[in-house]
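Residue numbers (my numbering), protein chains in the order written: chain Z, 1 to 465; chain A, 1 to 224.
Remarks on the structure that follows.
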């Protein structure tokens, strides 16, 4: 059973095909040349002889001539009756031949068959004419003196055979031409077969490569391929398909994990915010009471802390989501300035309320960066939030674009005139908000440089080179 | 006239104080703990306030169903989910989105804006400074002089768009794309020209506009 499988596998394998082709190449010499000879004989014997059965009887003219002279010699002392008898016997043996003989008195004797055009009496002139006509023509004619000697004066005997019965001495093609053509054809065939063999392997490999480098647009995972044949490349395709399936499974698991984490964090956010909302509700109840100034201050302080805490929760959860490495940023070409304007427009009423003057001067042309719009908004929200929270005293926020001198790269500048980050961060923990900004900008391929001094903070965003 | 509000919130404590607070503000409140009865109850309401995380149907689904059944009903999402995609998902159908822990006064202010906006549609007249705007009839009257102000189609659309988002700064891109329905590439000049003509018609003094305010570098706003 196992052996069967192994056998079948070998029969189906490329190795076996390759070995077959190599084997044919090895057998080229001992088989092709004998095959060429056989072909040569087949052409000469088989196709150009009309009646192969007569071939043996009439091998060629020389043999017939010898035979006829032999017969004439054996009749040297025979009386005319015996000559007639022998010719009749010969006619029995060679029915295709015509024969006659002429005696010592120049009279035409037995004719087999009867031929009217022959003279009854052979004058020297008639003899010369006959010989002239018979020479090198059809039928093939042999004349022999009886007793095979002219001096005996016993007359002569003649045989005629149509040349068609005699194997032609001329052959169709010479040996070397047939050999060359045949060997040439066989070599060509061999080259063609091995080329086809290779070309098909190549085609299948290229198909596999194409499948590998053209991934599915949604998942980014290459598509699986159709199995072609159960040979080595087929096994490769099978292995490749298995790998793609595993990748897909891994990706699905990753997406599930991401989804799970997201919902976990959303729930966590919900659970943390609900008590905060309740606290705020109860705090609101104090407004109805008549409180001392100190009490009112406390309520206001608690209100601010609730807001701070809620933002902290936001950033903390974003941070943990991002550091988990399970969040995929969908980077697309976006007009950054458009996002900045929309975000600033949403913040504008808050700045107004806080007495922050907004100085916004952005270039007219769109600024296209490869970013994830949602996360970029988050970056802006955090930066704007920081200005409101920690740089309110500066009463200023500047949002500008600036073109760098050396490479004409456009950067986005967000400035304030607050007391600077070093003081703010130590006391109020802006750390996590900025950490989220830094992580997000890095993920989106942006550079975020923060320069902070006593007289203000400048955040500069550029594409990293 | 006290407006009737539909409020869906599963959290007992929050539900209690928000209902109490809104009643204090003079609204009638129907507080449900889940979304099953939302459609029936909403029929008599002028505004719906929805929590996102509800047992059973979540707030987004309930909100979408409400919007489908009553397209005119303003919906305010009130949620503890703060991620931006939640917010965007909510704003696809909701008119406003407020995150917990919210300040009660902010909630009251937003409810008021939403109600006023939907009431003008019902009353068909909106007063702003010296203007009375009849939105349905595409008509604006200066009620000081009793003169009717004639606006071109585009001018009226721009004004209407800003009125719909009263109190919010709208970027030039947002205005242009909403009114012209094309992507804003160099619509800048076109929009500026239209705003100038619009101001000449509606402002008392076009040189120092009171109604349409320019927010430098960003866009325009009609103050609430």
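From the three backbone atoms N, C-alpha and C, an ideal C-beta is built for every residue, glycine too.
Neighbour-count burial assignment, residue i, 16 or more Cβ in a 10 Å radius
i: residue 131 (chain Z); result: exposed
i: residue 440 (chain Z); result: buried
i: residue 406 (chain Z); result: exposed
i: residue 433 (chain Z); result: buried
i: residue 226 (chain Z); result: exposed
i: residue 72 (chain Z); result: buried
i: residue 19 (chain Z); result: exposed
i: residue 155 (chain A); result: buried
i: residue 140 (chain A); result: buried
i: residue 521 (chain Z); result: Residue numbering for chain Z in the displayed model covers 1 to 465; residue 521 (chain Z) lies beyond these limits and cannot be assessed.
i: residue 174 (chain A); result: buried
i: residue 377 (chain Z); result: buried
i: residue 390 (chain Z); result: buried
i: residue 155 (chain Z); result: buried
i: residue 100 (chain Z); result: buried
i: residue 41 (chain A); result: buried
i: residue 213 (chain A); result: exposed
i: residue 102 (chain A); result: buried
i: residue 355 (chain Z); result: exposed
Proximal residues of chain Z, C-beta to C-beta of residue i below 8 Å
i: residue 21 (chain A); result: 281, 284
i: residue 182 (chain A); result: In chain order: nothing, as chain Z lies at least about 15 Å away.
i: residue 104 (chain A); result: 280, 281, 284
i: residue 17 (chain A); result: 278, 281, 282, 284, 285
Proximity test, Cβ basis, 8 Å: residue i and chain A
i: residue 274 (chain Z); result: yes
i: residue 299 (chain Z); result: no
i: residue 425 (chain Z); result: Per-residue confidence for residue 425 (chain Z) stands at a pLDDT of 48, beneath the threshold of 50, marking its modelled position as unreliable; the derived number appears in the next sentence. Answer no: the Cβ-Cβ gap between residue 425 (chain Z) and chain A never drops below 8 Å.
i: residue 6 (chain Z); result: no
i: residue 338 (chain Z); result: yes
i: residue 353 (chain Z); result: no
i: residue 372 (chain Z); result: no
i: residue 333 (chain Z); result: no
i: residue 310 (chain Z); result: yes
i: residue 360 (chain Z); result: yes
i: residue 296 (chain Z); result: no
i: residue 330 (chain Z); result: no
i: residue 341 (chain Z); result: yes
i: residue 266 (chain Z); result: yes
CB contact check: residue i to chain Z, cutoff 8 Å
i: residue 188 (chain A); result: yes
i: residue 145 (chain A); result: no
i: residue 11 (chain A); result: yes
i: residue 53 (chain A); result: yes
i: residue 173 (chain A); result: yes
Nearest to residue i (by Cα), restricted to the options the options
i: residue 411 (chain Z); options: Z:396, Z:434, Z:380, Z:460; result: Z:460
i: residue 65 (chain Z); options: Z:128, Z:144, Z:15, Z:126; result: Z:144
i: residue 104 (chain A); options: A:141, A:16, A:195, A:35; result: A:16
i: residue 75 (chain A); options: A:25, A:127, A:8, A:189; result: A:8
i: residue 102 (chain Z); options: Z:120, Z:96, Z:92, Z:90; result: Z:120
i: residue 204 (chain Z); options: Z:187, Z:229, Z:213; result: Z:229
i: residue 164 (chain A); options: A:219, A:14, A:95, A:4; result: A:95
i: residue 455 (chain Z); options: Z:158, Z:417, Z:288; result: Z:417
i: residue 25 (chain Z); options: Z:458, Z:215, Z:315, Z:193; result: Z:193
i: residue 178 (chain A); options: A:58, A:209, A:161; result: A:161
i: residue 252 (chain Z); options: Z:464, Z:218, Z:276, Z:232; result: Z:218
i: residue 340 (chain Z); options: Z:140, Z:310, Z:384; result: Z:384
i: residue 437 (chain Z); options: Z:314, Z:156, Z:403, Z:300; result: Z:314
i: residue 347 (chain Z); options: Z:368, Z:112, Z:388, Z:68; result: Z:388
i: residue 330 (chain Z); options: Z:353, Z:357, Z:364, Z:371; result: Z:371
i: residue 309 (chain Z); options: Z:276, Z:453, Z:198; result: Z:276
i: residue 125 (chain A); options: A:135, A:52, A:13; result: A:135
i: residue 208 (chain Z); options: Z:181, Z:187, Z:197, Z:241; result: Z:241
Cross-chain neighbours of residue i in chain A, by beta carbon under 7 Å
i: residue 364 (chain Z); result: 188
i: residue 344 (chain Z); result: 218
i: residue 278 (chain Z); result: 13, 14
i: residue 348 (chain Z); result: 169, 215, 218
Chain A contact residues for residue i, given Cβ-Cβ distances below 8 Å
i: residue 437 (chain Z); result: Per Cβ cutoff of 8 Å: no residues; residue 437 (chain Z) is ~14 Å from chain A at best.
i: residue 306 (chain Z); result: 101
Residue i beta carbon near the ligand GDP (any heavy atom closer than 7 Å)
i: residue 387 (chain Z); result: This structure lacks the ligand GDP; in fact it carries no ligand of any kind.
Of the residues that make up the segment 449-464 of chain Z, which ones have a beta carbon closer than 7 Å to any beta carbon in chain A?
none
Give me the subset of the segment 387-406 of chain Z whose CB atoms are less than 8 Å from a CB atom of chain A, sorted by chain position.
399
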